Each structure stands twice: as C-alpha cells, then as structure tokens.
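Sequential numbering of the sequence shown, starting at 3, is according to our numbering.
Just so it is clear, CB atoms sit at the ideal spot from N, CA and C, and this is done for glycine as well.
Nothing here was measured: the structure is a model prediction, and the numbers come from that model.
Notes for the one structure printed next.
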Amino acid sequence: MNSVKWFIIALLIAFAVTHFLRPHRTKSAWQAANPSTPMRAATSASTEPLAWPLDCYKGESCLVNFNYPDIRKDGRDFNCDAATLPGHEGTDIGVTQEAMDKGVKVYAAADGVVQWMFDGSYDRCPSDNQDCRTPTQPMGPNVHDGYMVCTPSGPYCRNGQGSCYWCFYGANVVVILHDSAKGIFATRYDHLRNGSIQVRPGQKVSKGQVIGLVGSAGRSTGPHLHFEIWKSTFYDPYDPWAGQCNAGDRQLWPYPAGGPAR
C-alpha cells in the first residue's frame with residue numbers, strides 16, 4: 003500500500019477517535035435545563051434565568067408532591083387550577099424516598115451570598131421525632147422548637163426599618179441573597195437532608211452550585227424541596243410561573259409546568 007493510502011487511512015482513524023470515541027458525560031437536570039451555562043460559572047443575572055434548583059427531571063425523578071404557589075391566596079395556581087396547598091408561598095418539587103436516600107442535589111438558583119443556614123434536624127418526617135412535631139414555644143429570635151427554626155433579630159424587616167426576625171417550618175433551611183440579580187431579592191430552600199448542607203452564612207455561591215441534598219425535614223409529608231423566591235425584600239414571596247392566572251416571568255423562570263425534561 004502506497005504512502006498516500008496510508009495517510010488517508012490515518013486521517014480517517016484520527017477523525018473517528020476524535021468524534022465518536024469521546025468520553026460520555028452525564029448531564030444533571032440543571033445542566034440539561036441550562037445547556038449554555040457551565041455548572042459553576044458566574045453569569046450575568048440580568049440576562050440569565052434562574053437555575054432549576056434540583057437535580058431531577060419531569061416525568062422521571064420529579065415524581066410526586068408538585069405544589070405551586072398560591073401567593074394571591076385565592077385558591078388558584080398560575081394556571082387557574084385549584085391550588086393543592088391554598089396560600090402556599092413556594093414551589094414544592096417532590097422525589098421518591100429511594101431517590102432521597104441515594105441523594106438528590108439541590109442547586110443555588112443564582113449567584114449570591116448565604117444569609118441564613120439551619121441544619122441538624124431529623125430529615126425523615128413525618129414521624130414522632132421531636133424535630134417533626136408542632137412547636138410549643140412562641141416564635142422568637144433564635145428559637146428552634148419542633149419543626150420551627152427562627153433567625154436572629156436584625157435589619158431584616160420588609161420595609162428596611164427597625165429590627166425583625168423570621169421563622170421557617172422547613173427545619174433544615176438555606177436562604178441566599180441575590181443583590182445583583184434582576185427581579186429577585188432572595189431564594190429559600192427548605193426540608194434539606196440532615197448534614198448535607200455544604201454552605202455557610204456569609205459564603206458566596208455561584209449559580210448551579212450544590213448547596214445540599216433533598217430531604218424531608220420539618221413540616222413535611224415526604225421527600226421534597228420547598229423552593230421560594232422573594233421578590234424585592236425579606237419574605238416577599240413571588241410566583242414566577244406564567245399562566246392564565248399569573249403573569250409570572252418567562253425570562254426569569256422559563257420552565258414548563260412540572261419542570262425541565264431530559
């Protein structure tokens with residue numbers, strides 16, 4: 003065989019190795035929903051949507067307990083369907099117990115700084131465990147009773163004046179402030195798995211960064227993430243889903259009902 007033929011064969015082999023024998027990298031749900039954005043790259047919040055906040059897919063691993071916000075408290079969700087949890091202020095994205103035990107990652111929805119973090123509560127509620135019970139103490143700064151956890155008192159009032167504290171029923175909770183984000187003030191993540199939280203107050207986080215794992219801590223009926231958006235100040239719940247009964251924000255929240263598919 004002459005040298006020209008050998009050269010052509012070598013080129014074909016090199017092409018095949020380069021284009022067909024590349025190692026396969028499995029995408030997470032966040033990467034599938036945000037294909038143009040690296041997993042931990044800092045992005046411009048003014049042009050990028052919020053990241054889907056956990057590693058699950060519509061119809062596969064996001065299977066149960068999908069509750070939408072009812073911010074208007076009129077018993078209707080964004081599509082005018084009856085709200086499964088009237089008055090609910092966030093989106094509940096459920097997974098199976100098996101998936102929770104294997105570990106379902108929870109992602110920061112945007113670049114920001116961790117404001118509050120609560121961890122250490124039992125994460126398989128409902129049960130008779132003390133951490134799953136209705137609190138008996140009144141709300142107050144730094145109170146942790148039953149499934150209720152409360153922040154310190156500080157400059158956290160909605161109107162920006164005075165001193166306030168906030169209490170959450172998710173037991174294992176992360177709140178991230180997004181000062182540079184367009185259209186949002188903060189995001190909140192509830193019911194996380196005990197010991198899984200990887201961030202601390204004051205820590206900077208990047209969009210898509212893993213902050214913990216899905217659990218069933220606090221006032222919970224099963225494994226799920228309660229994801230909440232605060233629009234312009236502390237505890238200012240916002241419904242991002244766009245539908246017949248809610249304007250939403252398709253640029254900020256481009257996801258279909260039920261979340262992204264694979």
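Short Cβ contact (7 Å threshold) for Ala-101 with Asn-174: Position 99 of the sequence shown, counted from the start, is the residue given in the question as residue 101. Position 172 of the sequence shown, counted from the start, is the residue given in the question as residue 174. Ala-101 places its beta carbon 7 Å or farther from that of Asn-174.
Residue environment, Asp-130, which counts as buried when at least 16 other CB atoms sit within 10 Å: Residue 130 sits at position 128 when you count from the first residue of the sequence shown. With fewer than 16 Cβ atoms within 10 Å of its Cβ, Asp-130 is classed as exposed.
Proximity of Leu-227 and Leu-56 at Cβ, strictly below 7 Å: As a working note, residue 227 is residue 225 in the sequence shown. As a working note, residue 56 is residue 54 in the sequence shown. Contact: yes.
Length at least 4, wholly inside the region 97-172: the alpha helix (DSSP H) runs in chain order: If you keep only unbroken alpha helix (DSSP H) runs of at least 4 residues inside the region 97-172, you get 99-104.
DSSP-derived helix/strand/coil call for Val-201: Translated into the one-based positions of the sequence shown, residue 201 becomes position 199. Per DSSP, reduced to three states, the secondary structure at Val-201 is coil, with no helix or strand assignment.
Contact check, Lys-206 vs Val-108, beta carbons under 7 Å: Counting from 1 along the sequence shown, the entry for residue 206 is found at position 204. Counting from 1 along the sequence shown, the entry for residue 108 is found at position 106. Not a contact, by the Cβ cut-off of 7 Å.
8 Å contact criterion, which Ala-85 and Gly-210 should meet: CB distance rounded: Residue 85 sits at position 83 when you count from the first residue of the sequence shown. Residue 210 sits at position 208 when you count from the first residue of the sequence shown. About 30 Å separates the CB atoms of Ala-85 and Gly-210; that is not less than 8 Å, and the two are not in contact.
Nearest-angstrom Cβ-Cβ length linking Val-201 and Met-119, presumed shorter than 8 Å: Locating residue 201 in the sequence shown gives position 199, counting from the first residue. Locating residue 119 in the sequence shown gives position 117, counting from the first residue. About 6 Å separates the beta carbon of Val-201 from that of Met-119, a gap short enough to meet the 8 Å contact definition.
CA nearest to the CA of Thr-244, picked from Gly-260, Asn-161, Tyr-191 and Glu-62: For the purposes of this step, residue 244 is taken as residue 242 along the sequence shown, with counting starting at 1. The identity of residue 244 in the sequence shown is Ala, whereas the question assumes Thr. Considering only alpha carbons, the answer is Gly-260.
Counted within 10 angstroms of its Cβ, other Cβ atoms place Asn-196 as buried (16 or more) or exposed: Your numbering for residue 196 matches position 194 in the sequence shown. Burial state of Asn-196 is buried, judged by a 10 Å Cβ sphere holding 16 or more other Cβ atoms.
Sequence-distant residues of the same chain with beta carbon closer than 6 Å to Ser-46, five excluded per side: For the purposes of this step, residue 46 is identified with residue 44 of the sequence shown, where counting begins at 1. Caution is warranted here: a pLDDT of 37 is assigned to Ser-46, below 50, making its placement in the model unreliable, and no coordinate value can be reported.
Beta-carbon gap between Pro-225 and Val-97 smaller than 7 Å: Counted from its first residue, the sequence shown places residue 225 at position 223. Counted from its first residue, the sequence shown places residue 97 at position 95. Yes, the Cβ-Cβ distance between Pro-225 and Val-97 is below 7 Å.
Selected residue, minimal CA-CA separation from Thr-235, among Pro-203, Thr-189, Thr-223 and Ala-263: Taking the first residue of the sequence shown as position 1, residue 235 is located at position 233. Comparing alpha carbon positions, the residue from Pro-203, Thr-189, Thr-223 and Ala-263 closest to Thr-235 is Thr-189.
Sheet register partners of Gly-217 (DSSP bridge): Translated into positions along the sequence shown, residue 217 becomes position 215. Paired residue(s): His-226.
Reduced DSSP category for Cys-64 - H, G, I as helix; E, B as strand; rest coil: The residue you call residue 64 lines up with position 62 of the sequence shown. Per DSSP, reduced to three states, the secondary structure at Cys-64 is strand.
Short Cβ contact (7 Å threshold) for Pro-154 with Pro-143: Position 152 of the sequence shown holds residue 154. Position 141 of the sequence shown holds residue 143. In this structure, Pro-143 lies closer than 7 Å to Pro-154 by Cβ.
Nearest-angstrom Cα separation, counted from Phe-68 out to Asn-248: Counting from 1 along the sequence shown, the entry for residue 248 is found at position 246. Counting from 1 along the sequence shown, the entry for residue 68 is found at position 66. Those two C-alpha atoms are separated by around 17 Å.
Per DSSP, the bridge partner or partners of Asn-69: By 1-based counting over the sequence shown, the position of residue 69 is 67. According to DSSP, Asn-69 bridges with Asp-94.
Reduced DSSP category for Gly-210 - H, G, I as helix; E, B as strand; rest coil: Position 208 of the sequence shown, counted from the start, is the residue given in the question as residue 210. Gly-210: coil per DSSP, three-state reduction.
Member of Thr-138, Asp-125, Arg-160 and Trp-232 whose CA lies at the smallest distance from the CA of Gln-99: In the sequence shown, the residue the question calls residue 99 occupies position 97. Of the residues Thr-138, Asp-125, Arg-160 and Trp-232, the one whose Cα lies closest to the Cα of Gln-99 is Asp-125.
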